[in-house]
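Residue numbers (the numbering used here): 1378 to 1495.
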């Protein structure tokens, strides 16, 4: 079981419902779409910040990474990253990921709870 977050670059939506619609549109275009786009500069910087705290799962020899797939940057496309965390580390890792997103002026959407974070 995994815990999923989405982080994107843009203006903060007015409410959770609007955020869910924006996430769905971004997902359809950038993750589920046919054209692959490299991650934006801000999303790349966000991924780098996350990897300063925990190593990429692709480099995790000691089983300490919360990420469920790697390299983590491969989960990003354009202004969006949609990534999963191991359930056992989800509380700590999702709180950290949301705080980093907020500090960088990015939007964090909790897919499980269908709400904005923090």
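Note that the Cβ used here is the ideal one computed from N, Cα and C, for glycine as well.
Computed from a prediction, not measured in an experiment: that's the story for all the values here.
With residue i as the anchor, note down where its beta strand (DSSP E) starts and where it stops.
i            : result
residue 1459 : 1457-1463
residue 1384 : 1379-1385
Could you work out which residue in the options is closest to residue i when comparing CA atoms only?
i            : options                : result
residue 1432 : 1421, 1422, 1423, 1444 : 1444
residue 1450 : 1422, 1441, 1475       : 1422
residue 1492 : 1401, 1437, 1379       : 1401
residue 1464 : 1480, 1441, 1453       : 1441
residue 1435 : 1384, 1427, 1447, 1424 : 1447
residue 1412 : 1472, 1453, 1476       : 1453
residue 1380 : 1462, 1478, 1470, 1480 : 1462
Just checking my contact of residue i with residue j at CB under 8 Å: how many whole Å lie between their CB atoms?
i            : j            : result
residue 1407 : residue 1482 : Rounded, the Cβ-Cβ distance is 19 Å, inconsistent with contact.
residue 1473 : residue 1430 : 6 Å
Terminal residues of the continuous alpha helix (DSSP H) containing residue i?
i            : result
residue 1484 : Element bounds for residue 1484: not the alpha helix (DSSP H) but the beta strand (DSSP E), 1484-1487.
residue 1404 : Residue 1404 -> no alpha helix (DSSP H), and no H or E assigned at all.
residue 1469 : 1467-1480
Run through the DSSP bridge pairs and tell me what residue i is partnered with.
i            : result
residue 1492 : 1487
residue 1453 : 1458
residue 1416 : 1455
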